[in-house]
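Enquirer:
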Ligand SMILES: Cc1ncc(COP(=O)(O)O)c(C=O)c1O
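Residue numbers (our numbering): 95 to 335.
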């Protein structure tokens, strides 16, 4: 049999193995101190005052982001024809409709010249995808979004640490940016993702909704200055919009 050419072999060293073993020994097998550290380090790396919320996949992150900005039944979300299925799948989870804009054959990213024609009164958000880490024309996309009062959620599953005009993807003026740490991505946790936003209300909503609507995660409940088992399940209440 001919040798199989692997698509992306993860680069896992002794340091990573030691961290996993330490986690197993620590008793924190769920979202805990290392997740907090990762979120803080990631937010600091992206800079510009963003908050970072760790999730179990970019798919979950995109789902949370769209929910937080008010995508729901009878709304439309514009995205690209050339992406992984997750980008449009999450729009359907929320009962909304994905609207596809064709790509520019030179970049494989959304053709911004065709974007405005796809906007209707039901459009709520644009989800550009930075295919293979090549940033979309974010100046044009953000300008169109502003002109039409639309939200922008960047699917940056491939785009760590890509930059647009010298700024890291994640630090631009979009409402939310979502990264993937799936096994084939540039930063790997096996399965995982990060939601990044400048908007504290969106960050708060994503934090609550990533944990079943519970207002205090286990780490907070057991490590705060007044540890308590008590929590509230706060949704359904409206999201940030
Ligand atoms: C463009 C794009 N968006 C979203 C995703 C979903 O990422 P995840 O596997 O972390 O859910 C992927 C995964 O490959 C992707 O390529």
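Glycine is no exception: its CB is placed at the ideal position from the N, C-alpha and C atoms.
#1: Among the residues of its own chain, which have a CB less than 8 Å from the CB of residue 257, if the five just before and after it don't count?
#2: At 3 residues or longer, what runs of the beta strand (DSSP E) sit wholly inside the region 127-163?
#3: Since residue 156 and residue 195 are thought to touch, with beta carbons under 8 Å apart, how far apart are those beta carbons, to the nearest angstrom?
#4: Excluding five sequence neighbours on each side, which residues of the same chain lie with their C-beta closer than 6 Å to the C-beta of residue 239?
#5: DSSP on residue 97, reduced to helix/strand/coil?
#6: Where does residue 317 fall in DSSP's three states?
#7: Residue 148 and residue 278 look like a contact to me (Cβ under 8 Å); what is the Cβ gap, rounded to whole Å?
#8: Using the Cβ count rule (16 or more neighbours within 10 Å means buried), how would you classify residue 271?
#9: Put residue 274 into one of helix, strand or coil per three-state DSSP.
#10: Nearest CA to the CA of residue 217: which residue from 199, 226, 190, 291?
#11: Is any heavy atom in ligand 1 found nearer than 8 Å to the beta carbon of residue 140?
#12: What does the Cβ neighbour count give for residue 215, buried or exposed, with the cut at 16 atoms within 10 Å?
#13: Can you round the beta-carbon distance between residue 299 and residue 180 to whole angstroms, since I take them to be within the 8 Å contact cut?
Expert: In terms of the structure at hand:
#1: Working through the chain shown from its first residue, we reach residue 257 at position 163. Within the same chain, residue 257 has close Cβ partners 229, 263.
#2: The region 127-163 contains these whole beta strand (DSSP E) runs: 145-149.
#3: Translated into positions along the chain shown, residue 156 becomes position 62. Translated into positions along the chain shown, residue 195 becomes position 101. Actually they do not touch by this definition, with Cβ atoms about 17 Å apart.
#4: Locating residue 239 in the chain shown gives position 145, where the first residue counts as 1. Cβ contact annotation for residue 239 (same chain, cutoff 6 Å, sequence separation greater than five): 220, 246, in chain order.
#5: Here residue 97 refers to the residue found at position 3 of the chain shown. In the structure shown, residue 97 sits in coil (DSSP, three-state: anything other than H, G, I, E or B).
#6: Locating residue 317 in the chain shown gives position 223, where the first residue counts as 1. Three-state result, residue 317: helix.
#7: Residue 148 sits at position 54 when you count from the first residue of the chain shown. Residue 278 sits at position 184 when you count from the first residue of the chain shown. Wrong, their Cβ atoms sit about 19 Å apart, outside the cutoff.
#8: Taking the chain shown and counting its residues from 1, one reaches residue 271 at position 177. It is buried - the Cβ of residue 271 has at least 16 other Cβ atoms within 10 Å.
#9: Working through the chain shown from its first residue, we reach residue 274 at position 180. Here residue 274 sits in strand by DSSP.
#10: As a working mapping, residue 217 is identified with position 123 in the chain shown. Closest by alpha carbon: 190.
#11: Counting from one through the chain shown, the residue named residue 140 turns up at place 46. In terms of side-chain proximity, the C-beta atom of residue 140 is found no nearer than 8 Å to any non-hydrogen atom of ligand 1.
#12: For this step, residue 215 is matched to residue 121 along the chain shown. A residue is called buried once 16 or more other Cβ atoms fall within 10 Å of its Cβ, and residue 215, having fewer, is exposed.
#13: Stepping through the chain shown from its first residue, residue 299 is reached at position 205. Stepping through the chain shown from its first residue, residue 180 is reached at position 86. About 20 Å separates the two Cβ atoms, so there is no contact after all.
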